[in-house]
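Residue numbers (full-length UniProt numbering): 1 to 122.
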């Protein structure tokens with residue numbers, strides 16, 4: 001499959017509560033030691049989770065809008081974001097480089113308002 005789904009996120013204003021909820025519900029364990037963009041989550045408040053199929057994370061904090069998003073892997077995040085806008089989508093975030101990583105992320109809303117993420121190399 002070209003451009004596969006590569007990551008999911010669950011973001012809210014109380015990320016510790018969300019991690020506890022999903023941890024108990026699905027048996028997920030989290031690693032909160034990795035850096036993420038401050039546009040995605042408060043520092044130290046984002047828990048990466050490895051599932052059998054797609055990695056993800058649960059985070060957020062004060063000032064972060066609650067949402068669920070999946071990320072599509074693309075070779076050029078800026079170009080894919082521009083194309084999403086050209087086709088009627090709306091830029092919501094980014095492109096933004098993840099601190100200390102060779103990863104760029106962005107968000108857009110599709111024409112129906114659904115939030116979609118893009119992820120690719122820096």
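Just so it is clear, CB atoms sit at the ideal spot from N, CA and C, and this is done for glycine as well.
- Put simply, the backbone Cα of residue 89 is about 29 angstroms away from that of residue 51.
- Counting only residues of its own chain and dropping the five nearest sequence neighbours on each side, residue 49 has a CB closer than 6 angstroms to the CB of 28, 30, 56.
- The C-beta of residue 66 has fewer than 16 other C-beta atoms within 10 Å across all chains shown, which makes the residue exposed.
- By alpha-carbon distance to residue 37, the top candidate from 20, 113, 93 is 93.
- In the structure shown, residue 101 falls within a coil segment according to DSSP collapsed to helix, strand and coil.
- Take residue 47, set aside five residues on each side of it, and the residues of its chain with a beta-carbon closer than 8 angstroms to its own are 15, 19, 30, 31, 32, 57, 58, 59, in chain order.
- From the listed residues 40, 96, 99, 85, the smallest Cα separation to residue 109 is found for 85.
- Secondary structure of residue 95 (DSSP, three-state): strand.
- Secondary structure in the stretch 11 to 49: the beta strand (DSSP E) runs of 3 residues or longer, each lying completely within the stretch, are 47 to 49 in chain order.
- Rounded to the nearest angstrom, the gap between the Cα atoms of residue 73 and residue 64 is 23 angstroms.
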